[in-house]
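*Asks:*
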Amino acid sequence: MKTILFVAGALLLGQASAASYVSNDAASKTATITVNAGEGTDNGGLNFNGADHGKKGFVIPAGWTVKMVFKNMGNMPHSAIVTKGRTPPNTVTAKDAAFPKAYTAKLVEGVAGGSKAQTVVFKVGQAGTYNLVCGVPGHNLGGQWVGFVVSSTAKTASFK
């Protein structure tokens, strides 16, 4: 019986964790998204919120403001940038940002694991398909990216 309760509790914790990556304020049209780099060991730590190679992603309503709270939970340096296009670029600079200010500090060199969380604020434009990628050389090519869709029909932001 204890084993069953433990497993059920672990499953519920996993669900709560996934839900906590996004909060919405529909009145102000603001989404707060949590981006945890190197969360767990999936893909050798080259992941965001435990996802890699675009297997999951954020959906943001068009025209909303995004508060991206970035935290490096891994052992190696990481960063984050929202890039243009359906396919992540091989290398990135701040010029590759899909929206003004849609990237973390130390984009290329990354911030060390365990560093204080950074919050960047930007407004998304027109609907389209973008990607959230790590700007540290090689990480993007290694699969450290998730989808980032700006939707003309979504009423709230999500991560799935």
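Residues -18 to -1, 1 to 142 in mature numbering (1 follows the signal peptide of the UniProt record, and there is no 0) are what the sequence shown spells out, letter by letter. Where a beta carbon is used, it is the ideal one built from N, C-alpha and C, also for glycine. Computed from a predicted structure; not experimentally measured.
#1: Ordered along the chain, which non-local residues of its own chain (more than five positions away) have a Cβ less than 8 Å from that of Thr101?
#2: Kindly indicate which residue of Thr47, Ala33, Pro43 and Asp7 has the alpha-carbon position closest to the one of Val115.
#3: Name, in chain order, the residues that DSSP records as bridge partners for Val4.
#4: At which residues does the beta strand (DSSP E) containing Lys53 begin and terminate?
#5: Name the DSSP bridge partner or partners of Pro43?
#6: In three-state DSSP terms, what is Ala9?
#7: What does the Cβ neighbour count give for Leu(-7), buried or exposed, with the cut at 16 atoms within 10 Å?
#8: Alpha carbon to alpha carbon, how far is His35 from Arg68?
#9: Would you call the stretch 36 to 47 and the stretch 78 to 88 in contact, with 3 or more CB pairs under 8 Å?
#10: With burial defined as no fewer than 16 other Cβ atoms inside 10 Å of the residue's Cβ, what is the status of Ile(-15): buried or exposed?
#11: Using a Cβ-Cβ cutoff of less than 8 Å, which residues in the same chain neighbour Phe30 once the five nearest sequence positions on both sides are dropped?
#12: So, with DSSP's three-state summary, where would you put Tyr77?
#13: Where Pro70 and Asn122 are concerned, what is the direct C-alpha to C-alpha distance, given to the nearest angstrom?
#14: Starting from Ser140, follow its DSSP beta bridges and name the residues at the other end.
#15: Can you round the beta-carbon distance between Tyr109 and Val4 to whole angstroms, since I take them to be within the 8 Å contact cut?
#16: Report back the beta-carbon spacing between Leu89 and Val106 to the nearest angstrom; my notes put them in contact at under 8 Å.
#17: Reducing DSSP to helix, strand and coil, say where Gly110 ends up.
*Replies:* Well, looking at it:
#1: Within the sequence shown, the letter at position 119 stands for residue 101. Within the same chain, Thr101 has close Cβ partners Lys49, Met50, Val51 and Phe52.
#2: The residue labelled residue 115 in the question sits at position 133 within the sequence shown. Nearest C-alpha to Val115: Ala33.
#3: The residue you call residue 4 lines up with position 22 of the sequence shown. Answer is Ile15, bridged to Val4.
#4: Start at 1 with the first residue of the sequence shown, and residue 53 comes out as number 71. Element bounds for Lys53: Thr47 to Asn54.
#5: Against the sequence shown, residue 43 aligns to sequence position 61. DSSP, once it has assigned bridges, lists Ser133 as partnering Pro43.
#6: Here residue 9 corresponds to residue number 27 of the sequence shown, with the count starting at 1. Coil at Ala9, not helix or strand.
#7: For the purposes of this step, residue -7 is taken as the residue at position 12 of the sequence shown. Interpretation of Leu(-7) is limited by its pLDDT of 39, a score under 50 that renders its predicted location unreliable; the figure taken from the coordinates is listed afterwards. That one is exposed.
#8: For the purposes of this step, residue 35 is taken as residue 53 along the sequence shown, with counting starting at 1. For the purposes of this step, residue 68 is taken as residue 86 along the sequence shown, with counting starting at 1. When rounded, the distance between both Cα atoms is 12 Å.
#9: no
#10: Translated into positions along the sequence shown, residue -15 becomes position 4. Low confidence applies to Ile(-15): its pLDDT is 39, below 50, so where it sits in the model is not reliable, and the reading given next is rough at best. Looking at its Cβ environment, which holds fewer than 16 other Cβ atoms inside 10 Å, Ile(-15) is exposed.
#11: Taking the sequence shown and counting its residues from 1, the one referred to as residue 30 is at position 48. Closer than 8 Å at the Cβ level, and outside the excluded window around Phe30, lie Val17, Asn18, Ala19, Glu21, Ala62, Leu114, Cys116, Gln126, Trp127 and Val128.
#12: Your numbering for residue 77 matches position 95 in the sequence shown. Per the sequence shown, residue 77 should be read as Lys rather than Tyr. Helix.
#13: Your numbering for residue 70 matches position 88 in the sequence shown. Your numbering for residue 122 matches position 140 in the sequence shown. Taking the straight line joining both Cα atoms gives about 7 Å.
#14: Taking the sequence shown and counting its residues from 1, the one referred to as residue 140 is at position 158. According to DSSP, Ser140 bridges with Val41.
#15: Position 127 of the sequence shown, counting from 1, holds the residue named residue 109. Position 22 of the sequence shown, counting from 1, holds the residue named residue 4. It should be noted that the sequence gives Ala, not Tyr, for residue 109. Rounded, the Cβ-Cβ distance is 18 Å, inconsistent with contact.
#16: Residue numbering aside, residue 89 sits at position 107 when the sequence shown is read from its first letter. Residue numbering aside, residue 106 sits at position 124 when the sequence shown is read from its first letter. So it is not a contact: roughly 19 Å between Cβ atoms.
#17: Here residue 110 refers to the residue found at position 128 of the sequence shown. Correct three-state label for Gly110: strand.
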